[in-house]
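In our numbering, the protein residues as written are 261 to 511.
Even for Gly, the Cβ is constructed at its ideal location relative to N, Cα and C.
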């Protein structure tokens, strides 16, 4: 058996890093904030829609301060939620629309575009722990191109779908190791290449973060093995080539 297993630690580190994103996914509150059509001024602490701006409070403790027009929140305003979250930005038709800043009670912060009360378009999500996402959102989830920088220096750059790595992307480890290739549901799946800081590299098929299928492992001295893999290990027939021209084919 040819030893090509020195990727194990980084493989699991990368997986754990993604699980950190997934398990701590922020729940984004979409609040329908329409003013009651009857006795519309009952909740106004100051001002009114008639005056163009004011302070409106709901019985549950939520509060809006800002512009109003035709009995709907319209223009610039601030929404204070009873869970400690806060939104500062643009409103249209009683919903967050346009550019705004959403500050979570736990210290996380989103700044970017909103449409119909949800994050849609380009935005920046900054985590209290120091992690940071810069990229595209659709229907309140990370979708499209984006980069996620971890506090420890790891970096993912590539495609996202439904808040997970999906499509083509590059994951750079802070220790210098690097994976470039296909992702599905947050894991290495499909064609890709993994390079180690010591000069070793693997190019071939991945499944669920493991070398699975056909692939080539090349050592820093340019000796290489080409063959089948299963769960990160050589499996079945393969061929090893030495730089001096020697060659071995078999299992």
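Residue 489 - containing beta strand (DSSP E), residue span: 484-490 is the span of the beta strand (DSSP E), which, as asked, contains residue 489.
Every unbroken beta strand (DSSP E) within the segment 339-408, with a cutoff of 3 residues, ordered by chain: 346-352, 355-363, 369-375, 378-386, 392-398
Backbone CA spacing between residue 340 and residue 359 [nearest angstrom]: 17 Å
Assigned exposure category for residue 445 - 16 Cβ within 10 Å defines buried: exposed
Close-in-space but distant-in-sequence residues of the same chain around residue 459 (CB under 6 Å, 5 per side omitted): 480
Backbone secondary structure at residue 307 - three-state DSSP: Annotated three-state conformation of residue 307 is strand, per DSSP.
Residue 424 versus residue 402: straight-line alpha-carbon distance, rounded: 7 Å
Whole-angstrom distance between residue 432 and residue 374, CA atom to CA atom: Residue 432 has its alpha-carbon roughly 30 Å from the corresponding atom of residue 374.
Nearest to residue 467 (by Cα), restricted to the options 326, 441, 412: Taking only the C-alpha atoms, the option nearest residue 467 is 441.
Neighbourhood of residue 388 by C-beta, 8 Å cutoff - its chain only, sequence neighbours within 5 removed: 366, 367, 368
For residue 424, the residue or residues it bridges with in DSSP: 421
Close Cβ partners of residue 364 (< 6 Å) along its chain, the five nearest in sequence each way excluded: 345.
Range of the contiguous beta strand (DSSP E) that encloses residue 319: Looking at the DSSP string, residue 319 is not in any beta strand (DSSP E), and its letter there is neither H nor E.
First through last residue of the beta strand (DSSP E) which encompasses residue 453: 447-455
Beta-carbon contacts of residue 501 that lie in its chain and below 6 Å, excluding the five residues immediately before and after: 484, 507
Buried versus exposed call for residue 496 [16 or more other C-beta atoms within 10 Å across all chains shown]: exposed
For residue 502, the three-state DSSP class (helix, strand or coil): coil
According to DSSP, residues forming a beta bridge with residue 410: When beta bridges are read from the DSSP output, residue 410 appears opposite no residue.
Under 9 Å between C-beta atoms of residue 379 and residue 386: Taking 9 Å as the Cβ cut-off, residue 379 and residue 386 do not qualify as a contacting pair.
Boundaries of the beta strand (DSSP E) in which residue 443 is found, first to last residue: 438-444
According to DSSP, residues forming a beta bridge with residue 434: Per DSSP, none; premise fails for residue 434.
Coarse secondary structure for residue 291, derived from DSSP in three states: Unreliable placement is indicated for residue 291, whose pLDDT of 46 sits below 50; the coordinate value is still reported in the next sentence. DSSP places residue 291 in coil when its eight states are reduced to three.
Length of the line joining the Cα atoms of residue 421 and residue 404: 6 Å
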